[in-house]
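Quick notes on the structure that follows.
Protein chains: 4
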Amino acid sequence: MSSSPENATRHRRSAGFAGPATERELPTTPRGLRTRANLIDAARVVFERDGFLDARLVDITTEAGISAGSFYTYFDSKEEIFSAVQAEVEEEMLHPDVRAVDAVGDDPIAQVRAANRAYLESYERYAPFMRLLEQVASIDEDFREQRRKRGEAFVQRNARSIKQLQDRGVAGADIDPQLASYFLSGMVARAAYSRFVLGEDWTIDQMVDSLTQLWVNALQISPSAD
Amino acid sequence: MSSSPENATRHRRSAGFAGPATERELPTTPRGLRTRANLIDAARVVFERDGFLDARLVDITTEAGISAGSFYTYFDSKEEIFSAVQAEVEEEMLHPDVRAVDAVGDDPIAQVRAANRAYLESYERYAPFMRLLEQVASIDEDFREQRRKRGEAFVQRNARSIKQLQDRGVAGADIDPQLASYFLSGMVARAAYSRFVLGEDWTIDQMVDSLTQLWVNALQISPSAD
Amino acid sequence: MSSSPENATRHRRSAGFAGPATERELPTTPRGLRTRANLIDAARVVFERDGFLDARLVDITTEAGISAGSFYTYFDSKEEIFSAVQAEVEEEMLHPDVRAVDAVGDDPIAQVRAANRAYLESYERYAPFMRLLEQVASIDEDFREQRRKRGEAFVQRNARSIKQLQDRGVAGADIDPQLASYFLSGMVARAAYSRFVLGEDWTIDQMVDSLTQLWVNALQISPSAD
Amino acid sequence: MSSSPENATRHRRSAGFAGPATERELPTTPRGLRTRANLIDAARVVFERDGFLDARLVDITTEAGISAGSFYTYFDSKEEIFSAVQAEVEEEMLHPDVRAVDAVGDDPIAQVRAANRAYLESYERYAPFMRLLEQVASIDEDFREQRRKRGEAFVQRNARSIKQLQDRGVAGADIDPQLASYFLSGMVARAAYSRFVLGEDWTIDQMVDSLTQLWVNALQISPSAD
DNA sequence: TATGAATGAGAGTTCATTCAT
DNA sequence: GATGAATGAACTCTCATTCAT
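Residue numbers (our numbering), protein chains in the order written: chain A, 31 to 256; chain B, 31 to 256; chain C, 31 to 256; chain D, 31 to 256.
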C-alpha cells in the first residue's frame with residue numbers, strides 16, 4: 031500500500047491455492063523449459079519486490095522478457111506461478127552446504143543452539159521470500175491451512191525429541207511435549223519474523239543466545255554430563 | 031482469495047496508513063455523528079467478514095444504510111475508515127469488566143498466569159479483528175511499523191517487570207530482560223494466533239497452563255516464598 | 031462473419047440465458063431509468079445491426095452515450111441486456127393497432143388467412159429482430175429451449191382450434207390436431223423466415239394466398255356454408 | 031454459451047464463407063493426404079461437439095494429433111476447414127445404401143411418403159451436423175445465401191413434380207407449384223429440426239404419417255387409381 | 001515440412017472516486 | 001448534506017496466427 035506507487039491499482043483473481051489440482055505438464059522443448067524457468071525467476075523477483083498483491087502478471091512477463099499472453103502458455107494464474115516459485119525456493123533451501131548441525135554431537139543444549147542458528151540464518155537468507163509467505167498466508171485461507179499442515183510435521187519431530195529428553199531425565203517431566211514444541215518453535219519463528227521482516231535490530235548471535243537460553247530453561251534441560 | 035467470490039477483483043488506491051495525517055474533524059450534528067458511527071460499525075462487520083482487501087466501500091455503505099457517495103463525507107479512503115475501526119475496537123478493549131488481574135496478588139507465577147489468560151481471552155473475544163490486523167500488517171509496511179512501535183511499549187513494560195524479578199532474585203540473573211520479554215510475548219501472541227486464527231484445537235486452560243509453565247521456567251522464576 | 035469487418039474479433043462470455051435468475055431491480059431515479067432505457071434501445075440497434083455475437087458492449091454503451099463501465103450499473107452481461115431487449119420488443123409487439131382479425135367473422139378460411147397475414151406483417155415489421163432471435167437460438171441451447179416452450183402454448187391454442195373445426199365437421203377427422211398445428215405453424219414461420227431473413231422475393235399477398243390455400247387444403251377445411 | 035465452459039471467450043477472424051476462393055491444392059504425398067483427412071475428421075468431431083463458434087483450432091489439431099502450426103499447412107482458416115467438413119459430409123450423404131425410394135412405384139402418395147421418410151431418416155443420422163449447419167447459417171450471411179441457392183435446385187425439382195401431377199390431373203390445378211414446393215419442403219425441414227435439434231418427442235412414423243397426410247391434402251393429391 | 005512457443009490485439013469487468021441533482 | 005449514477009483507469013485472459021528452429 032504505502033509501499034506501492036501512488037494510485038496503484040491491485041487486482042486479485044481467486045484462482046485459489048486450494049491444492050496442486052491438475053498439475054500442468056512441463057513444456058517439452060528446451061526453449062519452453064527455459065522460458066518457464068525465466069518466468070519463475072522473474073515471478074520471484076517481482077513477488078519479493080512488490081508482494082503478491084501488487085505483482086501484476088505483466089510485470090512478471092516483462093521481467094521475463096516475454097509477452098503478456100505467453101504467461102498462459104505456462105501457468106493459469108498468479109496463484110499457480112506463486113506455487114511454482116514456492117516449490118523452487120523450497121528446492122533451493124533443501125541444498126544446504128553440509129549443515130554443521132550434525133557436527134554438534136549429543137549435547138542437547140548445543141543441538142538446540144545449532145538448530146536455532148540454522149533456522150535464523152536460513153530465514154535471513156530467504157527473508158524477502160519469508161515475508162512473501164507471511165503475506166500470502168494472511169491473505170488466503172487455503173494457503174494458510176496448507177502451511178499449517180506442513181508445520182505440523184516439524185512440530186511432531188520436535189515433540190518427539192523433547193519426549194526423548196524427558197525419558198532420559200534430561201528435560202522436565204511435567205511438560206507437555208506437543209504444546210511445548212509448538213509454542214517454543216513459534217517463539218523462534220516469531221523472533222525471526224521480528225528481526226528479518228519487521229527489522230528489529232538484534233544480531234543473530236544475540237538472538238541465538240537468548241532464544242537458546244529461554245528454550246533450554248523452558249524445557250528444564252540440564253547440561254549434558256559428558 | 032479462496033474465501034472470495036469467483037473472479038473477484040479488488041482495487042486499491044494507496045491512501046496509506048502512514049499516519050494520522052490531517053485528522054479529519056468530527057461531524058457537528060448529532061445525525062452526522064450517528065452516521066459516522068454507523069459507518070464504522072458497518073466497516074468493522076465487513077472487514078471482519080471479508081478481510082481488508084475484499085471489503086468494498088459499497089459493501090460498507092450498504093451495510094451502514096447510506097449511499098455510496100456519502101462515504102466521502104466522513105472518510106477519505108478505506109485505510110482511513112480502517113484506522114477508525116481500529117480505534118473503536120481498541121477503545122472497546124480498554125473497558126475490561128474490572129479485570130481480575132489485580133486480585134492476583136504478588137505471586138509472580140500467578141501474575142504471569144493471569145496475564146496469559148487475560149491475553150488469550152481477549153484474543154478469543156476479538157479473534158476476527160485480530161485476524162484482520164494480521165492481514166493488514168502483512169499487506170502494508172507502514173501499518174506494520176506502526177504496530178511494531180506500539181508493541182514496543184508493551185514489551186518494555188514486561189521487560190521492567192522481569193528486571194524487578196531479577197533484582198529480587200526471583201528470576202534468572204543472566205537473562206536479557208528486553209529480549210526475553212520480546213520473545214516470550216511473541217510466543218504467547220503466536221500461540222493465540224495459532225489457536226484462534228489457524229484453528230488449532232487446544233483449550234484455553236491447556237494453553238494457559240503450558241504457556242505459563244514455559245514462561246516461568248524460561249525466566250527461572252521460583253515460586254513465591256510467601 | 032463475412033458481414034463483419036475484416037479481422038473483427040468476437041468474444042463470448044457464457045453468462046447464459048438459463049433463466050431470469052435474480053432479476054435485477056430497476057433504478058429508482060428518473061435519470062437511472064432514462065439511462066437504462068437508452069441502453070436497451072442502443073442494444074437493440076447494435077444487436078439488430080451487428081448480430082448478437084459481433085455486438086460489443088462498448089458499441090452499446092457508445093451508442094447509448096455512456097461510458098463502458100456504466101453498463102454494469104444496469105446489466106451483468108450481454109445475455110442479460112439481450113433479454114431486456116427481447117422483453118421490450120415483445121411488449122411493443124403486444125400493442126397492435128386493434129387487429130382486424132376480430133372483424134373477420136366465423137369463416138374459418140378467412141380466419142386462417144387473417145392470422146397468416148397478421149403473422150407475416152408482424153414478422154416483416156420486426157424482421158431484423160426476428161433474424162436476431164434465430165441467431166441467438168442457434169447459438170444458445172438454453173435460449174432455444176426457452177423459445178420452444180413459449181411456442182408450445184401457441185401450438186396448443188392452434189391445435190384446439192383445429193379440434194373444434196373437426197368437431198363441427200369442418201375439418202378432416204383423421205388429422206392429428208397437435209402435429210398438424212405444429213407442422214403447419216412451422217410452415218408459415220419458415221416461409222416468413224425465408225422471405226424476410228433470407229430475402230426470397232415474394233409479395234406478402236402471394237404468400238398469404240399460397241400459405242392459406244395449403245393450410246386449408248391440408249386440414250381439409252370446407253368453405254363455410256354461410 | 032450455456033454449453034460452453036465458464037467465461038469461455040471466442041475469437042474469430044472473418045475469413046468468410048464467401049466462396050470457394052482460390053481452392054487450395056491438395057497435398058501431394060500420401061502422408062499429407064492422410065493428415066488432411068485426419069484434420070477434417072477431427073474438425074467434424076469438434077464442430078459437432080462444440081459448435082462452430084466454440085471450436086478452437088487448437089482443439090481440432092489436438093484431436094487430429096498434429097501440432098497447432100501445422101493447421102495452416104492445409105487450411106487458411108476455420109471457415110475453410112468447415113467447408114471441407116461440409117463437402118465431406120455431403121459426399122457421405124450421397125452414398126445411400128441403395129435407397130428403396132425407387133422401389134416405390136408410381137403412386138404419388140407413396141412417393142411423397144417415401145421422400146419424407148428418407149429425408150427424416152437422413153436428418154436423424156446427421157442430426158449433429160444439421161444443427162451445426164443451422165448455427166453457421168444463422169451466423170454468416172454468405173453461408174446463408176450459399177445454402178439458399180442450393181436449396182433452390184431442390185425446390186425446383188419438387189416444383190416440377192407438382193406441375194406434372196397437376197398436368198396429370200392428380201393435384202389441385204390452382205396451386206402455385208413453386209410456392210407450394212417451397213413451403214411444403216420448409217414444413218418438413220422444420221419438423222425435422224424440431225424433432226432432432228429441439229428434441230420434440232415424436233416418432234418418425236408419426237411424423238411421416240402426419241407430414242405426408244398434410245402434404246398430400248395440401249396438394250389435393252388424389253389416390254392413384256392403379 | 002512439422003513443431004510448438006510467442007505474439008498481440010482486443011474484450012470484458014471491477015470499483016474507488018467524482019459530481020450533478 | 002445526501003444521493004446514486006457515471007466515470008475511467010487498470011487488469012486479466014483468450015486464441016488465431018506467425019515464425020524460428
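Beta carbons are placed, not taken as given, at the ideal position from N, Cα and C, and that holds for glycine.
In this model, E78(B) and V218(B) are separated by some 23 angstroms (Cα to Cα). One alpha carbon belongs to L163(D), the other to A114(C), and they sit about 28 angstroms apart. DSSP places Y149(C) in the helix class (H, G or I) of the three-state scheme.
Closest option to W245(D), judged by alpha-carbon separation, among R177(D), Y149(D), I139(D), D231(D): I139(D). Interface annotation, N247(C): in contact with chain D, CB-CB separation under 8 angstroms.
Of Q250(D), R220(D), L249(D), A248(D), the smallest CA-CA separation from M237(D) is found for R220(D). With a cut-off of 8 angstroms on Cβ pairs, the region 142-156 of chain A is in contact with the region 223-242 of chain A, counting three or more such pairs. Annotated as proximal: D172(B) and F47(B), with beta-carbon spacing under 8 angstroms.
According to the DSSP assignment, A117(A) belongs to the alpha helix (DSSP H) that extends over 108-123.
Two segments are said to touch when three or more pairs of C-beta atoms, one from each, lie closer than 8 angstroms; by this definition the region 200-213 of chain B does not touch the region 191-211 of chain A. Here the C-alpha atom of A72(A) lies approximately 11 angstroms from the C-alpha atom of R86(A). Sequence-ordered contacts of the region 175-186 of chain B with chain A read R178 [C-beta pairs closer than 7 angstroms]. Linking Q194(C) to N188(C) through their CA atoms gives a straight-line distance of about 10 angstroms. Nearest to I251(D) by C-alpha distance, out of I234(D), F226(D), S191(D), R180(D), is S191(D). Near chain C, meaning a CB-to-CB distance below 9 angstroms, the residues of the region 150-169 of chain D are R161, E164, Q165, V166, A167, S168, I169. Shown here, D239(A) sits in a helix according to DSSP, grouped into three states.
Residues of the same chain with a CB within less than 7 angstroms of the CB of A167(A), apart from the 5 flanking positions on each side, are F173, R174, R177 in chain order. Residues of the region 102-114 of chain A with a C-beta atom less than 8 angstroms from some C-beta of chain B are E109, listed in chain order. When DSSP states are grouped into helix, strand and coil, Q250(A) belongs to the coil group.
For F101(C), the CB contacts under 6 angstroms within the same chain, skipping 5 residues up- and downstream, are L87, T91 in chain order. Taking the Cβ atoms as the reference, I70(A) lies roughly 7 angstroms from I111(A), within the contact range of under 8 angstroms.
When Cβ-Cβ separations below 8 angstroms define contact, G216(D) makes contact with chain C.
Distance between R64(C) and F105(C), taken at the CA atoms: about 14 angstroms.
Rounded to the nearest whole angstrom, the CA to CA distance from R155(D) to E118(A) is 54 angstroms. Taking 8 angstroms as the cut-off, the Cβ atoms of A222(C) and L150(C) count as close. Non-local C-beta neighbours of I234(A) in its own chain, meaning closer than 6 angstroms and more than five positions away in sequence, comprise L150, ordered along the chain. For S191(D), no CB of chain C lies under 8 angstroms from its own CB, so it is not counted at the interface with that chain. Nearest C-alpha to Q165(B) among V75(B), N247(B), V227(B): V227(B). The closest CA to that of I96(B), considering only R61(B), Q116(B), R180(B), is found on R61(B). DSSP places A67(B) in the uninterrupted alpha helix (DSSP H) bounded by 60-84. Going by DSSP, Y156(B) is part of no alpha helix (DSSP H) at all; its letter is neither H nor E. A183(D) places its beta carbon 8 angstroms or farther from that of L214(D). The three-state secondary structure of E175(B), taken from DSSP, is helix. Listed in chain order, the non-local C-beta contacts of Y153(A) below 7 angstroms within the same chain comprise M160, A222, F226, local neighbours out to five positions each way being set aside. DSSP, read as helix, strand or coil, puts L163(B) in helix.
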